[in-house]
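The numbering of the sequence shown is the working numbering, which starts it at 35 and goes up by one. The structure under discussion appears below in the form of structure tokens.
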Amino acid sequence: MPLPTYEIRELQHQQKVYVNGHYLAAVQQGKFRPYIHPVLTPSGYAVTEIAPADHLHHLGIWFAHEDIDGVNFWAPESQGVHPIPRMLVASTDVEIGRDGVTFRQEVDWRAGDGDLCMQDSRVIVIGERSDHTMVDVTVTVRAGGDPIRMGQTKEAGLAVRVADQIDVLDGGRITNANGQVNEEETFDQVSDWVDYSGPVSRTNTAGVAIFPHPGSDGIPWFTRNYGPLYVSPWRHQEITLEPGQSRTVGARFAAHDGSCEEVDVAGLYARFLEEVA
């Protein structure tokens with residue numbers, strides 16, 4: 035079996051990742067934040083959605099926060115403030131390896147007037163595995179010379195908006211590690227992982243599982259039947275970073291063919307834990 039050969043194809047503000055000619059995912063700088071979309075399964079089904087009509091600020095896989103010292107970086111266009119706050123990639127380093135492509139980004143969080151509110155460093159690793167496409171995201175937010183107040187809100191964290199066709203409203207299913215299903219049972223629950231899968235054709239199913247990085251124990255999940263899924267340490271508490279302090283949030287996204295049971299998401303999670311141990 036030939037070794038995987040990864041490549042980057044750039045198109046405007048996109049960096050598209052391919053392996054042996056197969057499209058895996060794209061890292062993008064959007065109008066007001068960076069994000070990852072599309073993310074495709076090994077069979078080529080896209081499991082992420084971008085700017086659906088009900089929530090235009092839901093962009094594939096993204097990280098944001100609604101209240102950074104009062105500035106809304108989650109849904110900046112909804113506030114009627116112009117110019118809008120923006121999260122801008124200040125620099126990107128890309129490394130292509132045998133196991134995937136690694137992006138190292140520095141991101142500036144700027145208020146509408148251009149003032150720098152916060153910065154983060156993020157590492158994104160995209161790679162092909164035997165039974166899924168891996169997108170691993172680690173974000174470290176940090177305070178500079180002044181404290182940063184990150185408000186308590188449900189509108190914050192590391193998130194994915196699943197493709198419309200696989201959400202619960204269109205026949206999909208949310209499943210967590212406790213065996214609970216859909217928003218009614220999984221919302222605000224603590225679980226090792228959550229999977230969101232649904233129909234992508236008459237005969238095929240696909241989905242995406244999220245595995246929070248170690249250290250995220252006890253964080254409740256935000257799940258909705260209409261498609262968003264995310265994990266956030268700000269769900270029930272405000273966090274203030276003093277000068278020089280930082281906070282890291284990370285998760286593995288596994289885009290897979292088949293249902294949660296067919297791909298054995300519990301087994302994927304066990305392999306993930308072995309890999310990061």
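Don't be surprised by glycine CBs; every beta carbon is placed ideally from N, CA and C. It should be emphasised that the depicted structure is a prediction, and the values quoted were computed from it without experimental measurement.
For residue i, does the count of other Cβ atoms within 10 angstroms reach 16, so buried, or fall short, so exposed?
i	result
E41	exposed
T209	buried
I130	exposed
E272	exposed
G104	exposed
Using only the alpha-carbon positions, how far apart do residue i and residue j sit?
i	j	result
D226	K65	33 Å
P181	S250	23 Å
E308	H247	12 Å
I244	P262	12 Å
D127	R138	5 Å
F97	V173	8 Å
Can you check whether the C-beta of residue i is within less than 8 Å of a C-beta belonging to chain B?
i	result
N216	The chain labelled as chain B is not found in the depicted structure, where only one protein chain is given.
Measure the CB-CB distance between residue i and residue j and report whether it falls below 8 Å.
i	j	result
P277	A177	yes
Y264	V194	yes
T136	A289	no
T82	I95	yes
W255	T282	no
E217	R269	no
C294	S231	yes
G185	D101	yes
Over what stretch of residues does the beta strand (DSSP E) that includes residue i continue unbroken?
i	result
F221	Here F221 belongs to no beta strand (DSSP E), and DSSP marks it neither H nor E.
F107	Neither: F107 is in no beta strand (DSSP E) and is coded neither H nor E.
F66	No beta strand (DSSP E) holds F66; DSSP gives it neither H nor E.
I118	Taken as a continuous stretch (DSSP letters only), I118 belongs to no beta strand (DSSP E), as it is neither H nor E.
I95	I95 to H99
G232	V228 to P233
P254	Per DSSP, P254 belongs to no beta strand (DSSP E) and is neither H nor E.
A31	For the chain, the structure presents residues 35 to 311; residue 31 sits outside this window and is missing.
Can you tell me where the alpha helix (DSSP H) with residue i in it begins and where it stops?
i	result
Y303	V299 to V310
Would you list the one or two residues that DSSP bridges to residue i?
i	result
E272	Bridge partners of E272: none, in fact.
H290	G241
H56	V53
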